[in-house]
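*Asks:* Residue numbers (the UniProt record's numbering): 1 to 952. The structure is given below, and queries will be raised subsequently.
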């Protein structure tokens with residue numbers, strides 16, 4: 001074996017290119033002393049069957065070493081922890097540049113993080129609105145402006161030559177001071193004159209009267225009150241700050257005027273008046289006020305829903321509050337008001353509300369016989385707010401709240417309360433003052449609700465003034481670049497306010513790619529883990545353009561990928577294999593696309609050349625039972641009716657954002673679950689569900705969410721095979737001597753597990769400024785169990801050794817234990833033979849977690865009746881060879897009488913389906929329609945289908 005491995009090594013003694021990255025002797029996980037060259041500033045694809053060592057080479061060796069070298073540049077305080085981190089098991093790596101890994105995990109679960117904040121587009125939008133936004137009064141619709149010293153100076157400079165100009169502020173009148181005291185204070189400040197003017201508008205009062213403060217101080221308080229406190233006349237008293245005669249002022253004079261204006265703003269508490277020739281009076285204010293409202297000045301934090309200053313005070317920036325849930329009040333929108341659509345308007349007493357609404361709206365023409373789902377927005381608002389003399393739903397709940405001292409009303413209100421849109425901010429998350437500020441007639445909340453492809457058009461058509469354009473020029477460049485990248489990676493259907501925790505792994509990864517591109521880093525190493533996940537073949541071409549753009553900036557782009565289109569465009573391919581786990585870990589082929597295809601040892605090359613093909617399973621099955629979703633209108637679905645056949649492999653395809661997830665996961669699955677009496681999410685908008693619902697015993701959504709929340713959860717515990725292993729070890733002679741029970745071989749309960757790490761095998765050091773550091777437990781050395789438990793062996797292997805085995809190794813090791821092998825076999829059947837038995841569930845990718853769930857179902861009997869399995873892109877992370885295994889698993893389920901429904905982009909799966917439902921034709925508003933239903937062979941006839949051209 002050693003000789004075979006040696007042949008794979010590259011000759012490092014040969015002349016090497018200075019810029020290339022060289023890995024020598026990598027032995028991380030299943031890598032078998034791998035040495036490989038990675039060309040610098042190229043697009044490199046690392047491929048191979050699942051478990052062959054791709055991630056071990058790229059993430060666990062290349063990126064881990066780059067991260068370690070970065071850590072060495074940190075402070076001594078940080079390094080005292082980081083020095084204990086395990087170095088990758090590799091001889092050395094030459095030519096390594098700063099490394100950035102973009103993995104296929106949803107990187108955040110917080111409900112505050114959005115697409116806008118992840119891509120940094122929202123940060124630039126906040127800056128744009130703070131610098132170029134115009135505050136519009138909600139009362140008059142006029143722009144709110146704030147004057148400054150420059151405005152006063154400019155107004156004086158624009159006066160006609162020879163005009164007499166007075167710079168004035170209103171005389172201050174404080175409640176606790178006499179007029180004499182006020183005059184004394186003004187005199188001490190350096191002011192010498194008061195200006196008194198009658199502002200009745202009569203012609204005889206063309207100029208005011210100038211009075212000396214010193215002369216006024218000689219008068220009695222009574223005489224001063226008579227002059228200053230005027231009740232009947234409209235005489236206004238000013239303090240004269242400066243007197244000027246308009247001319248062409250030189251620079252020193254302009255500075256003097258500016259100083260005077262500055263003093264005037266200070267003394268007038270923001271209010272300044274300029275009188276010209278005793279006739280025209282100009283008013284300036286540096287207060288941000290209009291129509292009696294004091295507005296907030298635009299600053300970036302005002303537009304942040306993650307900051308207390310900008311967040312809506314009612315919903316605290318979450319966009320939702322506990323209120324009256326419209327979907328609970330009107331649960332069936334296919335009914336009309338006359339048919340009893342409003343749930344609380346029923347019964348002998350409360351039915352009066354329905355009757356009065358029907359009678360009172362007879363004159364207004366409100367369509368009481370029209371289904372709620374078909375009402376216009378205006379009519380729907382009338383139902384809630386009332387119209388004419390008719391009392392609406394809002395009035396009903398006001399009366400309920402007035403009677404909450406009665407227990408029956410409290411019970412009634414509790415039935416219809418739920419998470420609903422914030423009434424104060426309208427779901428925009430920001431305080432009202434932020435929404436008064438607009439750029440191009442739209443506030444920041446409206447921009448965040450637009451799909452990015454529409455947002456791009458809006459920014460392209462945006463017209464700004466010359467000054468605002470100069471201020472916003474750099475900001476707009478950053479925004480447009482990021483939006484363009486989002487469009488290029490196939491995410492033009494996403495809105496900026498879309499929650500980050502609602503994104504798929506592939507969408508999350510491509511958003512991180514957008515952020516990386518926006519940062520314009522150069523001479524860096526980017527490692528991407530299957531960026532084509534969730535992408536329709538049409539969008540993969542755009543993704544390739546983005547990856548090449550990243551490369552052209554002067555970066556090295558390493559992509560772990562199985563997609564043939566990306567392989568064809570790569571500068572260099574590294575094929576790992578030949579198989580998974582202990583049968584892999586070698587570089588089988590490397591070079592360009594043609595070199596890999598022509599390599600006879602490469603499994604990938606055989607599939608690319610056509611020498612090997614994914615298995616066909618005969619003619620498509622016929623079906624006679626189905627479930628039909630009628631009138632689906634959620635999100636972008638355009639009132640479509642779709643029939644899902646049962647007892648077959650049915651694939652729902654279409655471009656990203658065409659409505660596949662909405663139709664299957666948001667409507668079909670929750671609606672079917674509700675009919676089966678199961679608790680779940682509320683179904684999306686649709687008229688009804690019909691068909692052979694009774695023929696389905698239960699519904700299983702096999703998604704890509706983690707299989708367990710605990711880090712101690714792993715594949716072997718999930719499929720219930722670990723119980724067999726614990727029983728086996730507890731029956732060994734040494735276990736009986738020491739009194740060990742099955743619980744002693746569990747790392748979930750006290751007894752046999754390590755007391756220091758509680759069976760985790762590692763300890764977590766919390767860092768103040770970095771991510772938490774996971775260190776191997778010093779007590780058990782990462783073996784999870786106490787020494788006396790590890791003394792118990794089966795075939796010379798203890799419980800830790802078994803947990804470190806791959807599934808395929810364990811099947812061979814336990815071949816004498818038939819029941820245990822039978823439980824482990826489904827994991828191998830779905831292509832997870834390379835996964836370690838004890839591998840923590842939080843290290844599994846979304847696709848691997850999904851296939852573990854599939855294996856658990858395959859391992860069960862058929863006692864649960866016929867099940868409808870729904871899979872969301874199960875080919876995630878699968879090589880051609882593994883797709884074969886997955887399809888066999890699907891057909892095994894169908895042979896047992898179950899039904900399989902798959903949301904999928906992979907053309908190999910679509911070609912081998914029994915029935916295809918293709919949505920589109922485009923994403924977002926351009927999608928939501930059924931463009932084809934039928935056999936895969938007939939898709940070529942569907943002219944509007946974007947999928948059909950890839951099914952050849």
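The beta-carbon is built from N, C-alpha and C at its ideal position, and this holds for glycine as well.
Just checking my contact of residue 859 with residue 888 at CB under 8 Å: how many whole Å lie between their CB atoms?
*Replies:* With 8 Å as the limit, residue 859 and residue 888 do not qualify as a contact, their Cβ atoms being about 15 Å apart.
*Asks:* Compute the beta-carbon to beta-carbon distance between residue 216 and residue 194, rounded to the nearest angstrom, for a pair I have assumed lies under 8 Å.
*Replies:* Right, their Cβ atoms sit about 7 Å apart.
*Asks:* Identify whether residue 2 lies in helix, strand or coil by the three-state DSSP scheme.
*Replies:* At residue 2, the pLDDT of 36 sits below 50, so the modelled position is not reliable; the number obtained from the coordinates is stated separately. If DSSP states are grouped into helix, strand and coil, residue 2 belongs with the helices.
*Asks:* With distances taken from CA atoms, which of 286, 138, 209 and 304 is nearest residue 123?
*Replies:* When only C-alpha atoms are compared, the closest one is 304.
*Asks:* On the DSSP bridge assignment, give the partners of residue 612 in chain order.
*Replies:* Beta-bridge pairing links residue 612 to no other residue.
*Asks:* Here's a check: name, in chain order, each residue in its chain whose Cβ is nearer than 7 Å to the Cβ of residue 281, leaving out the five neighbours to either side.
*Replies:* The residues are 273 and 275.
*Asks:* Could you tell me whether the Cβ of residue 899 comes closer than 8 Å to any Cβ of chain B?
*Replies:* Structure shown: chain B not included; a single protein chain is present.
*Asks:* Which residues in the same chain have their Cβ closer than 8 Å to the Cβ of residue 953, if we skip the five residues on either side of it in sequence?
*Replies:* Residue numbering for the chain in the displayed model covers 1 to 952; residue 953 lies beyond these limits and cannot be assessed.
*Asks:* What is the DSSP secondary structure of residue 330, counted as helix, strand or coil?
*Replies:* Coil at residue 330, not helix or strand.
*Asks:* For residue 785, name the three-state secondary structure that DSSP assigns.
*Replies:* Of the three classes helix, strand and coil, the one that applies to residue 785 here is strand, per DSSP.
*Asks:* Examine the Cβ distances between the region 442-461 and the region 325-340 and report whether three or more of them are shorter than 8 Å.
*Replies:* With the cut-off at 8 Å, the region 442-461 and the region 325-340 do not touch.
*Asks:* If you draw a straight line from the C-alpha of residue 856 to the C-alpha of residue 352, how long is it?
*Replies:* Roughly 54 Å between the two C-alpha positions.
*Asks:* Go through its chain and collect everything with a Cβ distance to residue 815's Cβ below 7 Å, but skip five positions before and after it.
*Replies:* Taken in chain order, the residues that qualify are 821.
*Asks:* Where residue 150 and residue 262 are concerned, what is the direct C-alpha to C-alpha distance, given to the nearest angstrom?
*Replies:* Distance between the alpha carbons of residue 150 and residue 262: 9 Å.
*Asks:* Note down, one range per segment and in chain order, each alpha helix (DSSP H) of at least 4 residues found wholly within the region 233-303.
*Replies:* You should have 251-267.
*Asks:* Within the chosen definition, does the region 516-528 reach the region 540-554 through at least 3 CB pairs nearer than 8 Å?
*Replies:* The answer is yes - the region 540-554 touches the region 516-528, with three or more Cβ pairs under 8 Å.
*Asks:* Could you check which residue in 408, 301 and 401 has the C-alpha nearest to that of residue 323?
*Replies:* Looking at the Cα atoms, 401 is the closest of the given residues.
*Asks:* With a floor of 3 residues, list each beta strand (DSSP E) that falls wholly inside the region 498-539, ordered by position along the chain.
*Replies:* Whole beta strand (DSSP E) segments, 3+ residues: 525-529.
*Asks:* Between the Cα of residue 33 and the Cα atoms of 40, 23, 41 and 42, which residue gives the shortest distance?
*Replies:* For the residues 40, 23, 41 and 42, the minimum Cα distance to residue 33 belongs to 23.
*Asks:* Only counting runs of 3 or more residues, tell me where the beta strand (DSSP E) segments fall wholly within the region 665-704, in order along the chain.
*Replies:* List check, beta strand (DSSP E) in window: 688-691 and 698-702.
*Asks:* Tell me where the beta strand (DSSP E) around residue 715 begins and ends.
*Replies:* Taken as a continuous stretch (DSSP letters only), residue 715 belongs to no beta strand (DSSP E), being part of the alpha helix (DSSP H) at 715-718.
*Asks:* Hey, is the region 641-653 in contact with the region 619-626, meaning 3+ C-beta pairs nearer than 8 Å?
*Replies:* The answer is yes - the region 619-626 touches the region 641-653, with three or more Cβ pairs under 8 Å.
*Asks:* Kindly identify the DSSP beta-bridge partner or partners of residue 371.
*Replies:* Answer by DSSP bridge pairing, in chain order: 336.
*Asks:* Name the residue from 570, 89, 347 and 681 whose alpha carbon lies nearest to the alpha carbon of residue 31.
*Replies:* For the residues 570, 89, 347 and 681, the minimum Cα distance to residue 31 belongs to 89.
*Asks:* CB-CB under 6 Å to residue 203, same chain, minus the five flanking residues each way: which ones, in chain order?
*Replies:* Its pLDDT being 35, under 50, residue 203 is placed unreliably in this model, and the value from its coordinates should be taken loosely. Cβ neighbours of residue 203 beyond the five flanking positions: none.
*Asks:* Does the ligand ATP have even one heavy atom less than 7 Å from the beta-carbon of residue 456?
*Replies:* This structure simply doesn't include the ligand ATP, nor any ligand for that matter.
*Asks:* Helix, strand or coil: how does DSSP classify residue 636 here?
*Replies:* Three-state result, residue 636: coil.
*Asks:* Beta carbon of residue 579, beta carbon of residue 49: below 8 Å?
*Replies:* Result yes, Cβ atoms of residue 579 and residue 49 sit closer than 8 Å.
*Asks:* What did DSSP end up calling residue 202 once you bin it into helix, strand or coil?
*Replies:* No answer about residue 202 holds up, because its pLDDT of 42 lies below 50 and its placement is not dependable.
*Asks:* Could you check what DSSP says for residue 780 in three-state terms: helix, strand or coil?
*Replies:* Reduced to three states, the DSSP call for residue 780 is coil.
*Asks:* Determine the extent of the alpha helix (DSSP H) in which residue 901 is found, giving its start and end residues.
*Replies:* Here residue 901 belongs to no alpha helix (DSSP H); instead the beta strand (DSSP E) covers 899-903.
*Asks:* Do you know how far the Cα of residue 739 is from the Cα of residue 733?
*Replies:* Going from the Cα of residue 733 to the Cα of residue 739 covers about 10 Å.
*Asks:* Below 8 Å on the Cβ atoms is my guess for residue 66 versus residue 96; work out the distance and round it to an integer in Å.
*Replies:* Sure, about 6 Å apart at Cβ, within 8 Å.
*Asks:* Can you check DSSP and say which residues form a bridge with residue 654?
*Replies:* The partner list for residue 654 (beta bridge, DSSP) reads 919.
*Asks:* Tell me which same chain residues have a C-beta within less than 7 Å of the C-beta of residue 384, skipping the five on either side of it?
*Replies:* So the qualifying residues of the chain are 392, 393 and 394.
*Asks:* Check whether the region 567-575 touches the region 598-618, taking contact to mean three or more Cβ pairs, one atom from each stretch, closer than 8 Å.
*Replies:* Flag = yes, the region 567-575 and the region 598-618 touch.
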